[in-house]
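Student:
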């Protein structure tokens, strides 16, 4: 900065005036000089003093003026820099809109409009200068402006708020605004507006809210229809979308289906066919084929139809907005909204909103569709299982009913006088019937096992008696073939056990039966030993202690090829499945045996060599029973005295068989062929026991039993013993019949000794449900 200060005009004038006065004084004193030189000198000295004083004062004044000038220059520099900074802030900010409006409220007009405002409002500075500030505010923003101006006019500080601002294209957007006062001597002389667009933040919040609500809807909704309704409700709140639909691709049937369609004009819409044909046209198909969102006004639809042939389906709306539904880059359909009243009903940012949530909607729809498909598959599987169970139950009933007659009549005939040939024929008939019964039981067992419905029971049994009884079954066969059948139980194996003796017997009978069948010379040997358990207790023979048994069945038969040994435990699998096979069978026995062994905590293995024989071993876990007493040993109940028995049976052959058995036992028998005739007979006569078939015409055995128990009087009391004698032999049948009020249960085909035992038990009160 230049330190030289120019001379002030005031100081020069003062100096010139002093000099002029001095000269005039000298001229005036000239005559006095001649008269009184001393006086003139005094006056002249006084004038010179005054002249010097004036010159000194002027110099001081000049220095003061120089200092003031320096301060003024500094102030001007500071002001220049401040204005430059303010201008940079005002003109350079494009993220923040700054608008200066001059004039008292109401009606301040725009005096400055920075580039940020030009970008935010979509108009130039020149367009906006002089226009009312209120034009920048939407309806809710105008109220904010009015309240802020009133607050500032009362002397308040800056006012900040969120409100809607208006762009020049007619749209509105949310903004964070601050209004400051411009004050002068007359008070409020203008307003300074700063504004920031918060549309993206609001959009992100809206998307997050929609995603959260849709996610909650997926978890809470019961089915797809409810999910569609919920999504529509969400869009109605956020987009005012009265008209909304979801379209899904059905590529299998080459169509586009509309599982959800709500429209004010078209009501309902179901499908678009032949979608693989490029000439099939619709706005929804255009979105799906392109995989991009589409927003068209009616004018744009008409133009698009003229230029490309794209034809909207249904009533043409004023504005249509659709987005693809995408799952893992795969478009599964589309979602669309439309309005029939206003082309500006939806905004461009609504496209982004729909697109942002479309993936979540697609995932939700696919998830629900998957859940419904699983439920439908589950229902179909349950229906198939029910059908299978019903078929097996019906098959079992329909086969057991005639089998009961076949085996029963064979037994009755074998008890009569026969020639040797006749007896041989009847024995073959009986054996064939029993073989058929075993096939039926095997099929039912494998079905129960595969369905997970086979349950094990626990009962007391004597191991050595159990093995002996199995060996005795094959006594006749081994004698006929001329082979030996030996059995042994190791001495360290306790005799009294707790376990499912029936299933153990089934496995052992199957293995011994196979060994006998495939052995033509030599011997079959059965041995039972104990197996060490991983976590054995201190006293392995204590009552209740677990005990692992190993059953070994060795034969000297034909053996099994190595490549077949892994297959024989599969259902319906046989070593020789050809038409020329020598040994018959269903191929179910070993499959059932293996699964039963696993269920009993063990397994089954085979070692075999063709021509030298085989060794099958299976293990099972039982428990040691407490020592048996005399009372624990089962005894056959003594037969009851002559009884008067009411026999309810609708099958004539089975009725004749049961009647003859009962009459041979010395009982008096009255027959009935339906539940209603049973009730009539009980109402007329007294009987000691009722043998009740279950499936009968007119009234079944369950309903008849229920009415018997409800009856209070009559010759036969309502407590008369009722024995179910039925071909219903599926899992749960026995429990169901006993729960209905019956006292005992006999499954057909039945043996005479089974019938005698059942009668003895119910008459002695020993039948246990």
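Residue numbers (the numbering used here): 31 to 799. Yeah, the Cβ is synthetic: ideal placement off N, Cα and C, and Gly gets one too. Predicted model, so just to flag it, every value in this text is computed and none were measured.
#1: Among 726, 564 and 342, which one has its Cα closest to the Cα of residue 632?
#2: Can you grab the Cα-Cα spacing for the pair residue 424 / residue 703, in whole Å?
#3: Apply the 10 Å Cβ neighbour rule to residue 137 and answer buried if 16 or more other Cβ atoms are within range, or exposed otherwise.
#4: Please report the straight-line C-alpha distance between residue 591 and residue 690, rounded to a whole angstrom.
#5: Would you decide whether residue 300 is buried or exposed? Buried here means 16 or more other CB atoms lie within 10 Å of its CB.
#6: Do residue 382 and residue 318 have their C-beta atoms within less than 9 Å of each other?
#7: Since I believe residue 347 is in contact with residue 368 (beta carbons under 8 Å), could you give me their beta-carbon distance rounded to a whole number of angstroms?
#8: Mind checking residue 624: buried by the 16 CB within 10 Å criterion, or exposed?
#9: Suppose you measure from the CA of residue 155 to the CA of residue 209; what does that come to, to the nearest Å?
#10: Looking at C-alpha atoms only, which residue of 325, 342, 334 and 404 is the closest neighbour of residue 377?
#11: For the beta strand (DSSP E) that contains residue 767, what are its first and last residues?
#12: Would you call the CB atoms of residue 572 and residue 654 closer than 9 Å?
#13: Quick one: measure Cβ to Cβ for residue 366 and residue 355, integer angstroms, because I've assumed they're closer than 8 Å.
#14: Tell me, which residues are paired with residue 135 by DSSP?
#15: On a CA-only basis, which of 260, 266, 161 and 436 is nearest residue 395? Give me that one, please.
#16: Find out if the Cβ-Cβ distance for the pair residue 731, residue 754 is shorter than 9 Å.
#17: DSSP beta-bridge partners for residue 365?
#18: In this structure, does DSSP put residue 581 in helix, strand or coil?
#19: Just confirm the distance between the C-beta atoms of residue 171 and residue 140, as a whole number of angstroms; I'd bet it's less than 8 Å.
#20: Given 8 Å as the limit, is there contact between the segment 704-715 and the segment 739-750, that is, 3 or more CB pairs closer than that?
#21: In three-state DSSP terms, what is residue 189?
#22: If you reduce the DSSP assignment to three classes, tell me which class residue 559 lands in.
#23: Please list the terminal residues of the continuous alpha helix (DSSP H) segment that includes residue 257.
#24: Sort out for me which residues DSSP pairs residue 755 with in a bridge.
#25: The alpha helix (DSSP H) with residue 531 in it runs from where to where?
#26: Using a 10 Å radius around the Cβ and a threshold of 16 neighbouring Cβ atoms, would you call residue 405 buried or exposed?
#27: How long is the line joining the alpha carbons of residue 358 and residue 196, rounded to whole angstroms?
#28: Tell me the DSSP secondary structure of residue 343 in three-state form.
#29: Thinking C-alpha only, which one of 784, 207 and 150 is nearest residue 198?
#30: Around the Cβ of residue 764, are there at least 16 other Cβ atoms within 10 angstroms (buried) or fewer (exposed)?
#31: For a test of the three-state rule: what should DSSP assign to residue 370, helix, strand or coil?
#32: Cutting at 7 Å between CB atoms, please list the residues of its own chain near residue 522, excluding the five before and the five after it.
#33: Taking the alpha helix (DSSP H) that residue 204 falls in, what are its first and last residues?
#34: Looking at C-alpha atoms only, which residue of 646, 649, 628 and 536 is the closest neighbour of residue 619?
#35: Taking C-beta to C-beta, are residue 529 and residue 630 nearer than 9 Å?
#36: Please state the DSSP three-state secondary structure of residue 183.
Tutor: Looking at the atomic coordinates:
#1: When only C-alpha atoms are compared, the closest one is 564.
#2: Using only the alpha carbons, I get a separation of about 20 Å.
#3: The C-beta of residue 137 has fewer than 16 other C-beta atoms within 10 Å across all chains shown, which makes the residue exposed.
#4: Each residue's alpha carbon lies about 51 Å from the other.
#5: By the 16-neighbour rule on beta-carbons within 10 angstroms, residue 300 is exposed.
#6: In terms of Cβ geometry, residue 382 and residue 318 do not form a close pair [threshold 9 Å].
#7: Residue 368 to residue 347, Cβ: 4 Å. Contact.
#8: Buried, since its Cβ has 16 or more Cβ neighbours within 10 Å.
#9: For residue 155 and residue 209, the distance between alpha carbons rounds to 19 Å.
#10: Out of 325, 342, 334 and 404, 325 has the C-alpha closest to the C-alpha of residue 377.
#11: Counted as a single uninterrupted DSSP element, the stretch harbouring residue 767 is not any beta strand (DSSP E) but the alpha helix (DSSP H) occupying residues 763-769.
#12: Closer than 9 Å, so yes.
#13: Taking 8 Å as the upper bound for CB-CB distance, residue 366 and residue 355 are not in contact here, some 10 Å apart.
#14: Note: residue 135 sits in no beta bridge, so no partner.
#15: The candidate whose alpha carbon is nearest that of residue 395 is 260.
#16: Contact check for residue 731 against residue 754 passes: the beta carbons are separated by less than 9 Å.
#17: Residue pairing by DSSP puts residue 365 in a beta bridge opposite 276 and 353.
#18: Three-state DSSP puts residue 581 in a strand.
#19: That pair is no contact at about 15 Å.
#20: A contact exists between the segment 704-715 and the segment 739-750.
#21: Under the three-state reduction of DSSP output, residue 189 falls in the strand class.
#22: Strand.
#23: 254-269 is the span of the alpha helix (DSSP H), which, as asked, contains residue 257.
#24: 776.
#25: Run containing residue 531: 531-547, per the alpha helix (DSSP H) assignment.
#26: It counts as exposed.
#27: Roughly 39 Å between the two C-alpha positions.
#28: In the structure shown, residue 343 sits in coil (DSSP, three-state: anything other than H, G, I, E or B).
#29: Taking only the C-alpha atoms, the option nearest residue 198 is 150.
#30: By the neighbour-count rule (16 or more Cβ atoms within 10 Å), residue 764 is buried.
#31: DSSP places residue 370 outside both helix and strand once states are collapsed to three, so it counts as coil.
#32: Closer than 7 Å at Cβ, skipping near neighbours: 560.
#33: That residue, residue 204, is in no alpha helix (DSSP H); its beta strand (DSSP E) goes 202-214.
#34: The alpha carbon of residue 619 has as its nearest neighbour, out of 646, 649, 628 and 536, the alpha carbon of 536.
#35: Going by C-beta atoms, residue 529 is nearer than 9 Å to residue 630.
#36: In this structure, residue 183 counts as helix in the three-state DSSP scheme.
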